[in-house]
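Enquirer:
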Amino acid sequence: MNGVLSGVKVAVLGGDDRELVLIPELVKLGADVRVAGYPPREEIKGAVLRESVVEAISGVDAIILPMPGTDDHGVIRAVYTPNQLVITEELLSAVPSKVPIFIGVAKPFLRGLAKKLGLRLIEIGEMDELAILNSIPSAEGAIQIAMQELPITIHDSQSLVVGFGRVGQTLARMLAALGAHTAIVARKPADLARGYELGYRCITYDQLTENIAAMDLIFNTVPAMILHEGILKNVSRNALIIDLATQPGGTDFQSAARLGVKAILAPGLPGKVAPVTAGRILARVLPGLILKEIATTD
């Protein structure tokens, strides 16, 4: 893929260790990379450092925001600068409508601005090509937390994965490989059938209340209130819940604390437990997406 981004002007705004992997890879592919939110660093040699977001996005063909994006007020996640990088309506109004803006998951604030201004905001966090790859560090990170928090081994544990999407499938496979008695909760008949074929115990959501008491380890991957107080009342006080869903998760954490059930919210694990791998995944996926989106405006 050498040179495939030759002549393409890309702005990378803020970020963390993932971007320290992504930026040099974009440079290697020939992109003209402008970054904001970083001091001079060896890792981003070849990129052009800009003092402000306005300077970084001027005249670019594509804009890349961090996977976590911004907060509810437009402040960009940028761990390597003490200065705030802020997305405002005034700033975005200067961005041509043809310029794609890539982000992991956008807050309503940014979605609203993009819609109002007619901008091409592309949320990549739920795209299969990225999410399936990110399910690997997510699952490994979840298992790491379980090993640190539980007084028992994963092997021979009664482990439950709620949701059988991209993360749920990878996690269930890893748990089973470690010797856990693995059960899944799924809604779709096809997912239940696939789980059965893979050797998991399969539970519907209607059966969750009666089955959850036997579980030592419960992972939630569903971004909806699944583990509510009515369910939590049946969870063993020796069990551990690890919620991997996007904040605020799918667990009633206040009820869990009141009931004496340990529950941990752990979203965004790829960037926390394996930032280099997560950066390589971005570098693998984003160039193709940039070329695809730019081509649609030609």
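Counting in our numbering, the sequence shown runs without a single skipped number right up to 298 at its last residue.
Glycine residues also receive a C-beta, built at the ideal position from the N, C-alpha and C atoms.
#1: According to DSSP, is Pro-100 helix, strand or coil?
#2: Tell me, to the nearest whole angstrom, how far the beta carbon of Asn-378 is from that of Gly-250; I am working on the premise that it is less than 8 Å.
#3: Taking all protein chains shown into account, decide if Ala-384 is buried (16 or more other Cβ within 10 angstroms of its Cβ) or exposed.
#4: Are there three or more Cβ pairs, one per stretch, closer than 8 Å when the region 68-77 is compared with the region 24-31?
#5: Give every residue of the same chain whose Cβ lies closer than 8 Å to the Cβ of Ser-93, excluding the five residues on either side of it in the sequence, and list them in chain order.
#6: In the DSSP assignment, what residue or residues form a beta bridge with Arg-237?
#7: Restricting to Cα atoms, I'd like to know which of Ala-190, Ile-103, Gly-168, Gly-3 is closest to Thr-182.
#8: Assuming Val-285 and Glu-90 make a contact with CB atoms under 8 Å, what is their CB distance in whole Å?
#9: Would you mind giving the Cβ-Cβ distance between Leu-265 and Gln-254, rounded to the nearest angstrom? I have them listed as a contact below 8 Å.
#10: Does Ser-97 pass the burial test, meaning 16 or more other C-beta atoms within 10 Å, or should it be called exposed?
#11: Under a three-way DSSP split, which group does Ser-135 fall into?
#12: With H, G and I counted as helix, E and B as strand and the rest as coil, what does DSSP make of Leu-291?
#13: Does DSSP classify Thr-170 as helix, strand or coil?
#14: Could you round the C-beta distance between Val-276 and Val-21 to whole angstroms and report it? I think they count as a contact, below 8 Å.
#15: Can you tell me which residues form a DSSP beta bridge with Leu-259?
#16: Using DSSP with H/G/I as helix, E/B as strand and the rest coil, what is Ile-124?
#17: Which term fits Arg-187, buried or exposed, when burial requires 16 or more other beta carbons within 10 angstroms of its beta carbon?
#18: I need the straight-line Cα distance from Met-225 to Ile-136, nearest angstrom please.
#19: Could I get the ranges of all uninterrupted beta strand (DSSP E) runs contained in the region 37-111, with 3 residues as the minimum, in chain order?
#20: Measuring CA to CA, which of Ala-56, Ile-231, Arg-41, Ile-152 is closest to Lys-9?
#21: What three-state label does DSSP hand Thr-153 in the structure shown?
#22: Would you mind stating whether Ile-103 and Arg-120 have Cβ atoms separated by less than 8 Å?
#23: Do you know how far the Cα of Thr-204 is from the Cα of Ala-193?
#24: Whole angstroms are fine: how far does the CA of Ala-11 sit from the CA of Asn-211?
#25: From Asp-243 to Asp-17, what distance separates their C-alpha atoms?
#26: Can you tell me the Cβ-Cβ gap for Thr-170 and Ala-139, rounded? I've got them flagged as a contact below 8 Å.
#27: Got a sec, what are the start and stop residues for the beta strand (DSSP E) Thr-18 sits in?
#28: Tell me which residue opens and which closes the beta strand (DSSP E) that Ala-224 is part of.
#29: The beta strand (DSSP E) with Ala-11 in it runs from where to where?
#30: Just how far apart, CA to CA, sit Ile-241 and Lys-262?
#31: Please return the same chain residues whose Cβ sits closer than 8 Å to the Cβ of Ala-114, not counting the five positions on each side in sequence.
#32: Less than 8 Å between the CB atoms is what I'm expecting for Leu-5 and Ala-36, so what's the real figure, rounded?
Expert: With the structure as the only source:
#1: Residue numbering aside, residue 100 sits at position 100 when the sequence shown is read from its first letter. Note: Pro-100 maps to strand in three-state DSSP.
#2: The question about residue 378 has no answer here: the residues shown for the chain are numbered 1 through 298.
#3: As displayed, the chain neither begins before 1 nor continues past 298, which places residue 384 out of reach and without an answer.
#4: no
#5: Your numbering for residue 93 matches position 93 in the sequence shown. Result list for Ser-93: Leu-117, in chain order.
#6: Taking the first residue of the sequence shown as position 1, residue 237 is located at position 237. None; Arg-237 has no bridge partner.
#7: Along the sequence shown, read from residue 1 onward, the residue named residue 182 stands at position 182. Nearest option by C-alpha distance: Gly-168.
#8: If you number the sequence shown from 1, residue 285 lands on position 285. If you number the sequence shown from 1, residue 90 lands on position 90. Not quite, the Cβ-Cβ distance comes to about 31 Å (not below 8 Å), so this is no contact.
#9: If you number the sequence shown from 1, residue 265 lands on position 265. If you number the sequence shown from 1, residue 254 lands on position 254. Going by Cβ atoms, the distance from Leu-265 to Gln-254 rounds to 12 Å, so no, they are not a contact pair.
#10: For the purposes of this step, residue 97 is taken as the residue at position 97 of the sequence shown. Its Cβ having fewer than 16 others within 10 Å, Ser-97 is exposed.
#11: By one-based count along the sequence shown, residue 135 stands at place 135. Correct three-state label for Ser-135: helix.
#12: Here residue 291 corresponds to residue number 291 of the sequence shown, with the count starting at 1. It is helical.
#13: Here residue 170 is taken as the residue at index 170 of the sequence shown, counted from 1. Helix.
#14: On the sequence shown, position 276 is the one that residue 276 refers to. On the sequence shown, position 21 is the one that residue 21 refers to. At roughly 6 Å, the Cβ-Cβ gap stays under 8 Å, so Val-276 and Val-21 are in contact.
#15: For the purposes of this step, residue 259 is taken as residue 259 along the sequence shown, with counting starting at 1. None; Leu-259 has no bridge partner.
#16: Against the sequence shown, residue 124 aligns to sequence position 124. Three-state result, Ile-124: coil.
#17: The residue you call residue 187 lines up with position 187 of the sequence shown. It counts as exposed.
#18: Numbered from 1 along the sequence shown, position 225 holds the residue referred to as residue 225. Numbered from 1 along the sequence shown, position 136 holds the residue referred to as residue 136. Distance between the alpha carbons of Met-225 and Ile-136 is about 24 Å.
#19: 48-50, 62-64, 100-103
#20: What you label residue 9 is simply residue 9 of the sequence shown in a count that begins at 1. Looking at the Cα atoms, Ala-56 is the closest of the given residues.
#21: Translated into positions along the sequence shown, residue 153 becomes position 153. Of the three classes helix, strand and coil, the one that applies to Thr-153 here is coil, per DSSP.
#22: Reading the sequence shown from its first residue, position 103 is the one you call residue 103. Reading the sequence shown from its first residue, position 120 is the one you call residue 120. Against a cut-off of 8 Å, the Cβ pair of Arg-120 and Ile-103 comes out as no contact.
#23: Here residue 193 is taken as the residue at index 193 of the sequence shown, counted from 1. Here residue 204 is taken as the residue at index 204 of the sequence shown, counted from 1. So the alpha carbons of these two residues sit roughly 11 Å apart.
#24: Here residue 211 refers to the residue found at position 211 when the sequence shown is read from its first residue. Here residue 11 refers to the residue found at position 11 when the sequence shown is read from its first residue. Cα to Cα, the separation comes out at about 50 Å.
#25: Your numbering for residue 243 matches position 243 in the sequence shown. Your numbering for residue 17 matches position 17 in the sequence shown. Rounded to whole angstroms, Asp-243 to Asp-17 spans 23 Å at the Cα level.
#26: In the sequence shown, counting from the first residue as 1, residue 170 sits at position 170. In the sequence shown, counting from the first residue as 1, residue 139 sits at position 139. The Cβ separation is near 4 Å, so the contact holds.
#27: Taking the first residue of the sequence shown as position 1, residue 18 is located at position 18. The question names Thr, but residue 18 is Arg in the sequence shown. No beta strand (DSSP E) holds Arg-18; the alpha helix (DSSP H) holding it covers 17-28.
#28: Start at 1 with the first residue of the sequence shown, and residue 224 comes out as number 224. Premise fails: Ala-224 is in no beta strand (DSSP E) and is neither H nor E.
#29: Position 11 of the sequence shown, counting from 1, holds the residue named residue 11. Element bounds for Ala-11: 9-13.
#30: Counting from 1 along the sequence shown, the entry for residue 241 is found at position 241. Counting from 1 along the sequence shown, the entry for residue 262 is found at position 262. If I take the Cα positions, the gap works out to 6 Å.
#31: In the sequence shown, residue 114 corresponds to position 114, counting from 1. Around Ala-114: Leu-92, Ile-101, Ala-106, Arg-120, Leu-121.
#32: As a first step, residue 5 must be located in the sequence shown, where it is residue number 5. As a first step, residue 36 must be located in the sequence shown, where it is residue number 36. Actually they are not in contact, since the Cβ atoms of Leu-5 and Ala-36 sit about 19 Å apart, beyond 8 Å.
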